[in-house]
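With UniProt numbering applied, the sequence shown corresponds to residues 1 to 390, in that order.
Shown next, in structure tokens, is the structure this report addresses.
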Amino acid sequence: MTRIAFTMIGGKNWTGGYNYLINLARLLSADQSRALTPVMFFGTDVDEEDITPFAALNCVEVVRSPLFNRSRSFRSLLTGLVTGADWRVRKLFRTHRIDVVFEVAQFFGFNLGIPAIAWIPDFQHRFLPHLFSKLGYWKRDIGFRIQVLGKREIMLSSEDSRVSCEVFYPSSRGRTHVVRFAVPPKGVIVPAAARALADKYGLPERYIFLPNQFWQHKNHLLVVEALTILRRRGQDVTVVACGSQSDPRDPSYFPRVKAAIDSSGLSSNFILLGLIPYGDLAPLATASMALLNPSLFEGWSTTVEEALSWGVPLILSDLDVNREQAGEAAVFFDRHDAQALADALAPANLSSPDILFERAAKAQAFANERVNRFITDFHALVQQAAAKRR
């Protein structure tokens, strides 16, 4: 049995990271082979409500220590760079018999003495540098370079990211591994229950679902333009958006989106729900005509992966990674062209909800295949990393 250390990923500002971690922990907990034991190391500054879902899982151990508080992250990095390892963290890992460490936006030292896997979610700063401050850009880029120089096994979520990694950081070649994450199916959702929840939110019979946090690269303003074009055509299309309305890199982004909606007179066509309970996403998606992701950049979209597991039709921006992830299950449009998005949205509005629920029932086997591949590939990578210690 291999014991693998995880630390907190994401949080209030990046719910996708947190959801990734809890999803992975649940899959490892449910894995009958019990080949991997997740040990979750959380700071004492982490909310108890964020830790409870992990503590409730079988075969998942939770350790709380101030060594993993966010206020200490820079000190830990500096110690690792100057002395070769954050020796206090290393001692704690050894106390808990850790075989492999899973690093995300962290670096515990060149001489940690324990094999490490560095998960790099994406290279957004390289493709959209204007969305980062100079400090933010170089902090991110230097972090990736240090992990590559630290001889970590590099875990990536797509072939698209693997190619980018090896172009931007050539010394990573030979240590890059594609592990495409997947989400387990939530079971067949009863149409009446899904519709009842949509009614509770006051949603129309036909709508397109956009469950993305309001960060600038998510491209919500293009949706406003597309809906304006559709209105001029006399086509009444409704998009329902949910997600955090705070962009830590650009606090002005959501107010600009809201102002654009209001000034265009689209408040009834672009409905904003804010941050909703995670459990409401699946029924609201399956009650919709399609799920929309107009993003300018993705690493491997959680919302797309979840929609695939629910059998919901997809309307996606023309990113290479979106094509890799969704294939023929999606309609693609030029992410810079509001006219193209308007064309993609119009036919989706005419779909039949009954057909969508049928697709949801058929998506279970497909999702299970993707989950099995994810766990198999993750196991293989962990075992490969652990073998270095031996």
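Heads up, the beta-carbon is just placed ideally off N, CA and C, and yes, glycines get one too.
Note that the structure is predicted; figures quoted are calculated from it, not measured.
* Asked: Taking the C-alpha atoms as reference points, what is the distance between GLN384 and GLY113?
  -> About 16 Å.
* Asked: For the alpha helix (DSSP H) that ALA307 lies in, which residues bound it at each end?
  -> 302-310
* Based on Cα-Cα distance, which residue from ARG34, LYS258, ASP122 and PHE68 lies nearest to PHE107? -> Among ARG34, LYS258, ASP122 and PHE68, the Cα nearest to that of PHE107 belongs to PHE68.
* Under the three-state DSSP convention, the category SER317 falls into -> strand
* Asked: With HIS177 and GLU153 assumed to form a contact (beta carbons below 8 Å), what rounded beta-carbon distance in angstroms separates them?
  -> 6 Å
* Is VAL148 near the ligand FAD, judged by its Cβ being under 7 Å from some heavy atom? -> For the structure depicted, the ligand FAD is absent and the ligand set is empty, with no information on it obtainable.
* Asked: If you follow the beta strand (DSSP E) that THR2 is part of, which residue opens it and which one closes it?
  -> 2-7
* Asked: Since VAL100 and PRO115 are thought to touch, with beta carbons under 8 Å apart, how far apart are those beta carbons, to the nearest angstrom?
  -> Sure, about 5 Å apart at Cβ, within 8 Å.
* **Where PHE108 falls: helix, strand or coil (DSSP)** => coil
* To do: Report back the beta-carbon spacing between SER158 and TRP300 to the nearest angstrom; my notes put them in contact at under 8 Å.
  => 5 Å
* ALA387 versus ASN19: straight-line alpha-carbon distance, rounded -> 29 Å
* Asked: Quick one: is ILE189 buried, meaning 16 or more other Cβ sit within 10 Å of its Cβ, or exposed?
  -> buried
* Going straight from the alpha carbon of VAL371 to that of LEU272, what length do you get? -> 31 Å
* Reduced DSSP category for VAL183 - H, G, I as helix; E, B as strand; rest coil -> coil
* To do: Report all residues from its chain with a CB closer than 6 Å to the CB of ARG64; omit the five preceding and five following residues, and keep chain order.
  => PHE42 and THR44
* Asked: Considering only the beta carbon of each residue, do GLU305 and VAL183 sit closer than 8 Å?
  -> Contact flag set, yes.
* Return the bridge partner residues of MET289 from the DSSP annotation. => Answer by DSSP bridge pairing: none, since MET289 is not bridged.
* Is PHE102 closer than 8 Å to ILE4 when the C-beta atoms are compared? -> yes
* ARG390 versus ARG94 - alpha carbon distance -> With a pLDDT of 48 at ARG390, under the threshold of 50, the predicted position of this residue should be treated as unreliable, though the coordinate-derived value follows. If I take the Cα positions, the gap works out to 15 Å.
* Asked: Between the segment 248-255 and the segment 279-292, are three or more C-beta pairs nearer than 8 Å?
  -> no
* Contacts around ILE261, its chain only, beta-carbon distance under 7 Å, and the 5 residues preceding and following it disregarded -> VAL224, SER267 and PHE270
* For ARG390, the three-state DSSP class (helix, strand or coil) -> Bear in mind that a pLDDT of 48 at ARG390, under 50, signals an unreliable position, so the number given afterwards is only what the model happens to contain. Of the three classes helix, strand and coil, the one that applies to ARG390 here is coil, per DSSP.
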